[in-house]
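Residue 827 in the UniProt record's numbering sits at position 827 of the sequence shown; the count goes up by one each step and never skips. Here is the structure we will look at, set down as structure tokens.
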Amino acid sequence: MTQLFMNRSFRAFILEMPVNPTDDSQKLLYFMKVLFARMQNSYMKAVEPKDFVEAITDYEGEQIDIAVQMDVDEFFNLIFDRLEGQMPSMELKSSFRSHYGGQLVQQVKSNECPHISERNEPFSAIQCDIKGKSTLQESLKAYVEGEIMDGDNKYSCTTCDRHVDAVKRTCLKDIPDHLIFHLKRFEFDLQTMHRSKINDCFEFPTSIDMRPYTMEYLGGCENNSEKSLPDMFELVGVLVHSGTAESGHYYSYIRNRLSPSGSPEWFEFNDSEVSSFDPSTIPAACYGGSDGITRDAMGQTYALSKPYSAYMLFYERSSLLLSSEPNLGTVAVQPKLSVPRDLELEIHRENEYFIRKYCMFDNNHIEFVRKLLDQQQRLIKHMPHPDHVYEKKALLLGLDTLEQIATRFKDSTEGEALFNVLNAYLIQCPQCCLEFFDWLCEKEDAITNLLVCNPYAKARGNFMRLVMFALNQVRRKRPELYGPTSESDADGHDIEYEDTVLYKLCSSLMRSWNGLQWSIKTWNDYFSLLASISALGDLEKVVMLDLGFLRKTMELLLMDHLQAPRKLEYLFDNFAKIWTKRRPPLGNLGAVIGGLMSLCDPNMRPCRDDESRTFFLRRIPKFPLTSTEYDFFTFSPKNHLVMLTRLLESQATTESMGILIAHIVKSDAAPVEGPLLEQIKATLISGVPVDPAQDAEPFLMCLLYFIQATKSPNYVKEILRRVADEVPTIGTDGGPEHLLFFEELSNLRNPNLKQNLIRWRMIEFVGLWAPPLLTYCDGTVRDKTERLLDEILFNILQDGCDRPRARKGAEDLMNGCFAFIESRFPRTRQQCDEKTFENVLRVLDKCGEYQDDEEAFRARGDGLRLLIEKIILEEEDADLASDEWGGSDIGSDTHEMEVQLDEYNST
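Here's what the structure looks like:
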């Protein structure tokens with residue numbers, strides 16, 4: 001858009017275009033006119049193109065998705081197609097096309113007869129191949145040279161009625177005054193099935209003669225001494241792409257057509273920043289290619305490609321460029337083009353507002369307001385006003401300044417000082433706290449501006465502290481105004497439920513919910529504030545439940561799985577797209593769900609969605625979920641609870657989800673085993689087999705909460721078996737996390753189960769989970785696993801308690817160690833040394849003390865030691881073989897070891 005705007009003749013054409021602002025069929029054309037007028041006449045550093053963007057539709061008539069990056073060449077063609085379709089007359093359409101549109105000829109010229117086949121095609125940009133080309137001239141030469149059609153690919157001449165050798169080429173017929181070259185830097189790789197970017201160096205001149213690429217020139221006048229004069233074009237703009245084929249950033253270098261000096265004047269347009277640009281640096285900034293030489297970890301040198309390079313080139317006919325430059329003398333300001341009077345007045349009003357706003361945002365203004373509040377606070381100490389009038393006026397002035405000005409800066413010392421003064425007002429006066437909540441809840445968009453859409457973390461944090469401090473002040477000192485209580489209906493308080501501070505604050509927070517779709521980075525703070533309010537007590541939770549916060553948070557988690565209601569489709573889509581672009585932070589959101597559900601029991605029959613859950617209407621210890629909340633919580637298209645899975649995968653909600661799971665499982669309304677508990681168990685177990693294995697930690701920790709609360713011994717057995725089955729697959733990741741699971745498990749006490757049942761289940765499956773941890777790559781894990789086995793197994797054997805079951809566990813452990821080492825290490829070639837097997841050999845020795853057939857155990861142990869020695873020798877052999885001075889005796893030692901192993905195996 002800046003490239004088009006800086007073309008003065010095109011800008012004048014758009015600004016002079018007769019457009020009806022109320023005609024929807026000319027919406028894009030009108031807002032482009034408004035955009036150009038603002039870009040020219042506005043005092044603002046940058047203008048917001050929101051109206052213009054919302055008027056753009058794709059070829060199916062659907063509004064474009066601003067969240068999806070579109071190739072600039074594709075966007076250029078779309079815009080020009082949409083604009084041309086909205087021109088009010090054929091004459092204007094023709095004039096519009098003439099700015100950037102020309103005609104090329106697809107030509108097939110026979111080499112055996114005089115016949116030529118031609119087909120005219122319009123173009124708005126010339127597509128230039130850069131792969132295998134080094135300059136723009138070379139690419140254009142290949143563009144018009146075309147391809148030879150001979151052999152099996154001969155051309156069928158319809159005039160001669162025979163196949164002939166021919167040349168198929170493209171040449172230019174009509175060249176517009178403003179010429180655009182699209183450099184084809186992106187290609188699709190059929191092998192990888194991905195787009196890639198060509199970063200090769202591609203040079204282009206500051207001026208170029210286009211005559212050699214025209215049909216007239218190529219038609220045979222190359223050797224004509226009276227051939228036409230050159231058709232010169234000068235470079236006036238370069239659109240640069242920085243990044244990869246999948247992501248990146250566009251910016252422009254543009255020549256000022258009306259440079260007051262003799263030499264060309266260039267500018268860089270980069271989002272809201274416009275700065276001077278030295279055109280002599282165009283080769284370094286735009287050609288692409290190598291950005292120097294670097295070395296990799298192996299010391300090999302390689303060229304580092306520049307991620308930035310020209311993508312579109314803008315040229316203008318030299319004769320037009322010279323004729324459009326008036327004699328400006330020393331005047332440095334570009335003369336503005338005429339703008340329609342009504343639009344000019346509108347922009348003038350916007351400029352006046354901008355100047356006022358600019359002055360208001362000056363730091364001196366914030367300091368002035370702060371000093372007023374300081375002075376008023378000192379006066380209050382000596383002469384307090386009985387009606388609280390002046391305090392209220394000062395507080396509201398400070399709050400308005402905070403919201404509209406002070407929180408719009410990333411780091412403002414004046415804003416921080418203003419916040420401290422406001423905090424002092426709330427500390428000294430409970431009435432000021434009430435005035436603060438009245439202002440916050442009655443002022444439209446206050447919470448949205450201060451929290452939900454505020455980009456600055458420090459400002460959001462200050463606001464949250466104000467809210468929580470004021471809320472606690474009212475809660476302690478004015479409880480009758482704070483919120484509904486269990487005695488409210490009995491005592492007949494005058495204040496209505498909807499007028500309480502707690503209800504009004506939570507209602508305002510709910511009204512600002514939709515702003516979350518525009519700024520993911522504020523989610524943590526927004527849900528942190530909700531979690532803090534919920535953590536104050538059951539009263540706060542009930543009010544939040546009554547206002548639908550639990551339903552909204554659940555809905556947000558499942559947004560991409562749900563079908564949007566028709567009237568909320570646009571908003572719904574924005575939330576759903578959040579999950580496709582990147583996962584938002586869910587830690588505090590999980591805390592909100594966990595806190596609110598602590599008052600609910602999903603095991604109870606769901607209630608109606610419109611049924612109130614306030615204390616003075618209900619006198620039950622736990623509430624059921626509403627029908628919608630229950631549907632969201634149990635949503636499981638693949639028999640796994642999506643909401644629970646999504647929260648645990650974020651790895652920031654483990655504790656809150658664990659407490660919630662325990663609350664559900666041990667509920668008085670929960671059966672010993674049931675459909676909901678089965679779903680929760682299956683969901684947690686499904687999160688254990690992941691890669692890398694360390695990501696299973698949240699699911700493992702929540703399984704501990706489940707085991708500690710369950711009433712079913714069958715669930716304990718199934719969970720331990722499924723987790724034990726997964727431990728041998730963890731490889732070199734997840735050892736500490738899986739060991740922690742078994743360590744915590746050994747200390748769990750579940751009053752619903754028989755004493756020591758959990759430990760006996762650990763022993764039952766010890767042959768599955770212990771061997772991988774005893775031979776894990778981390779020595780700390782191996783040592784802790786050995787100590788854990790001493791605690792849960794070998795100490796029992798020494799004490800003689802439950803000796804048969806413990807002896808069976810020792811036998812299973814011994815067999816598991818033999819089987820794991822024999823199958824795992826030779827097959828996977830896992831890196832190891834002698835220390836890798838120290839713990840497992842000691843454990844095997846302990847197991848051997850409790851075996852009935854000592855001779856068989858000793859023989860098998862000797863065979864295992866030989867196998868371990870062979871594994872270590874092979875590892876050393878592999879290390880030495882990769883070294884240039886490696887010896888040659890290792891192979892014979894390994895062979896001898898294999899012979900001995902065969903002898904042991906045969907016995």
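Glycine included, every Cβ here is placed at the ideal spot set by N, Cα and C.
- Are Ala584 and Leu676 closer than 9 Å when you measure CB to CB? Working through the sequence shown from its first residue, we reach residue 584 at position 584. Working through the sequence shown from its first residue, we reach residue 676 at position 676. Inspection of the sequence shows that residue 584 is occupied by Pro rather than by Ala. Taking 9 Å as the Cβ cut-off, Pro584 and Leu676 do not qualify as a contacting pair.
- Message: By the DSSP assignment, the alpha helix (DSSP H) with Val592 in it spans what residues?
- Response: Reading the sequence shown from its first residue, position 592 is the one you call residue 592. Gly587 to Met597 is the span of the alpha helix (DSSP H), which, as asked, contains Val592.
- Query: For Trp579, which of His561, Thr785, Pro114 and Phe233 has the nearest alpha-carbon?
  - Reply: Here the question's residue 579 lines up with position 579 in the sequence shown. It is His561.
- Compute the Euclidean distance between the alpha carbons of Thr683 and Thr710, then round it to the nearest angstrom. One-based indexing of the sequence shown puts residue 683 at position 683. One-based indexing of the sequence shown puts residue 710 at position 710. The alpha-carbon atoms of Thr683 and Thr710 are separated by roughly 15 Å.
- Query: Between Ser124, Leu529, Pro340 and Asn153, which lies nearest to Val108 when the distance is taken from Cα to Cα?
  - Reply: Counted from its first residue, the sequence shown places residue 108 at position 108. It is Asn153.
- Message: With a threshold of 6 Å on Cβ separation, who are the neighbours of Arg475 within its own chain once the five nearest residues in sequence on each side are excluded?
- Response: Within the sequence shown, numbered from 1, the residue matching residue 475 stands at position 475. So the qualifying residues of the chain are Tyr482.
- Query: Would you say Thr654 and Pro698 are within 9 Å of each other, going by their C-beta atoms?
  - Reply: As a first step, residue 654 must be located in the sequence shown, where it is residue number 654. As a first step, residue 698 must be located in the sequence shown, where it is residue number 698. A contact, by the Cβ cut-off of 9 Å.
- Message: Contact between the region 441–450 and the region 505–513 is defined here as three or more beta-carbon pairs at a separation below 8 Å; is this criterion met?
- Response: yes
- beta-carbon Arg370 near the ligand FMN non-hydrogen atom, thresh 8 Å: The ligand FMN is absent from the structure shown, which contains no ligands of any kind.
- Item | Spatial neighbours of Arg8 in its chain, beta-carbon cut-off 8 Å, leaving aside the 5 residues before and after | Residue 8 sits at position 8 when you count from the first residue of the sequence shown. Cβ neighbours of Arg8 beyond the five flanking positions: Arg257, Leu258, Ser324 and Leu337.
- Under 6 Å Cβ to Cβ from Leu321, same chain only, skipping five residues before and after it: list those, please. Locating residue 321 in the sequence shown gives position 321, counting from the first residue. Excluding positions up to five away in sequence, the list reads Glu234.
- Query: Ordered along the chain, which non-local residues of its own chain (more than five positions away) have a Cβ less than 7 Å from that of Asp129?
  - Reply: In the sequence shown, the residue the question calls residue 129 occupies position 129. Within the same chain, Asp129 has close Cβ partners Ser139, Ala142 and Lys184.
- Query: Anyone know if the C-beta pair for His241 and Tyr311 falls short of 9 Å?
  - Reply: Working through the sequence shown from its first residue, we reach residue 241 at position 241. Working through the sequence shown from its first residue, we reach residue 311 at position 311. Yes. Within cutoff.
- Item | Segment limits, beta strand (DSSP E) that includes Thr170 | Counted from its first residue, the sequence shown places residue 170 at position 170. Unbroken beta strand (DSSP E) run through Thr170: Ala166 to Asp174.
- Task: Report the three-state DSSP secondary structure of Val672 (helix, strand or coil).
- Result: As a working note, residue 672 is residue 672 in the sequence shown. Coil.
- Message: Taking the alpha-carbon of Lys577 as reference, which of Pro692, Ile208 and Gln517 has the nearest alpha-carbon?
- Response: Walking along the sequence shown from the start, residue 577 turns up at place 577. If we check each option's Cα against that of Lys577, Gln517 comes out closest.
- Would you check if the region 162–169 and the region 335–349 touch, i.e. whether three or more CB-CB distances between them fall below 8 Å? no
- Task: Assuming Ser134 and Phe80 form a contact by the criterion Cβ under 8 Å, report the distance between their Cβ atoms to the nearest whole angstrom.
- Result: Residue numbering aside, residue 134 sits at position 134 when the sequence shown is read from its first letter. Residue numbering aside, residue 80 sits at position 80 when the sequence shown is read from its first letter. With a Cβ gap of about 30 Å, Ser134 and Phe80 do not count as contacting.
- Contact under 9 Å by Cβ, Ile661 with Cys702: Your numbering for residue 661 matches position 661 in the sequence shown. Your numbering for residue 702 matches position 702 in the sequence shown. Yes, the pair counts as a contact, with Cβ atoms nearer than the cut-off.
- Message: Beta-carbon within less than 7 Å of Pro264's beta-carbon, same chain only, minus the 5 sequence neighbours each way: which residues are those?
- Response: Residue mapping note: residue 264 aligns to position 264 of the sequence shown, counting from 1. The answer, listed in chain order, is Arg255 and Pro279.
- Message: Do Leu239 and Gln3 have their beta-carbon atoms positioned less than 9 Å apart in this structure?
- Response: Here residue 3 corresponds to residue number 3 of the sequence shown, with the count starting at 1. Here residue 239 corresponds to residue number 239 of the sequence shown, with the count starting at 1. Yes, the pair counts as a contact, with Cβ atoms nearer than the cut-off.
- Bridge-paired residues (DSSP) for Gln107: Numbered from its first residue, the sequence shown carries residue 107 at position 107. BP columns for Gln107 point to Glu118 and Arg169.
- Message: Once the 5 residues before and after Ile659 are set aside, which same chain residues still bring their CB inside 8 Å of it?
- Response: Reading the sequence shown from its first residue, position 659 is the one you call residue 659. Counting only Cβ-Cβ distances below 8 Å, and skipping sequence neighbours, we find Gly594, Ser598 and Tyr705.
- Query: Asn20: buried (16+ other C-beta within 10 angstroms of its C-beta) or exposed?
  - Reply: Against the sequence shown, residue 20 aligns to sequence position 20. Under this definition Asn20 is an exposed residue.
- Leaving out the 5 sequence neighbours to the left and right, which residues in its chain are closer than 6 Å to Val690 when beta-carbon positions are compared? On the sequence shown, residue 690 is found 690 positions in, with the first residue counted as 1. Excluding positions up to five away in sequence, the list reads Ala696.
- Message: Taking 6 Å as the limit between beta carbons, can you name the residues of its chain near Asp51, skipping five residues before and five after?
- Response: Looking up residue 51 in the sequence shown gives position 51. Cβ neighbours of Asp51 beyond the five flanking positions: Phe31.
- Message: Considering just the uninterrupted stretch of the beta strand (DSSP E) at Ala693, what are its terminal residues?
- Response: Numbered from its first residue, the sequence shown carries residue 693 at position 693. Unbroken run through Ala693: none, as it is neither H nor E.
- Query: When the distance is taken between beta carbons, is Leu373 closer than 9 Å to Cys433?
  - Reply: The residue labelled residue 433 in the question sits at position 433 within the sequence shown. The residue labelled residue 373 in the question sits at position 373 within the sequence shown. Against a cut-off of 9 Å, the Cβ pair of Leu373 and Cys433 comes out as no contact.
- Message: What ranges does the alpha helix (DSSP H) occupy inside the region 319–383, keeping only unbroken runs of at least 4 residues that lie completely in it?
- Response: 341–360 and 363–382
- Task: Quick one: give me the first and last residue of the beta strand (DSSP E) that Tyr526 is part of.
- Result: On the sequence shown, residue 526 is found 526 positions in, with the first residue counted as 1. No beta strand (DSSP E) holds Tyr526; the alpha helix (DSSP H) holding it covers Trp523 to Ser534.
- Message: How far does the alpha helix (DSSP H) with Lys541 in it extend, from its first residue to its last?
- Response: Numbered from 1 along the sequence shown, position 541 holds the residue referred to as residue 541. Asp538 to Asp546 is the extent of the alpha helix (DSSP H) around Lys541.
- Query: So, using beta-carbon positions, are Gln137 and Glu121 closer together than 9 Å?
  - Reply: In the sequence shown, counting from the first residue as 1, residue 137 sits at position 137. In the sequence shown, counting from the first residue as 1, residue 121 sits at position 121. It is not a contact, given that the beta carbons lie outside the stated cut-off.
- Query: Whose CA, out of Glu838, Leu745, Lys846 and Tyr59, lies closest to the CA of Asp790?
  - Reply: Stepping through the sequence shown from its first residue, residue 790 is reached at position 790. Checked all of Glu838, Leu745, Lys846 and Tyr59; the closest Cα to Asp790 is Lys846.
- Query: So, does the CB of His194 fall closer than 9 Å to a CB anywhere in chain B?
  - Reply: Note that chain B does not occur in the displayed structure, where there is just one protein chain.
- Message: According to DSSP, is residue 932 part of a helix, a strand, or is it coil?
- Response: Outside the displayed range of the chain (1 to 907) lies residue 932, so it cannot be described from this structure.
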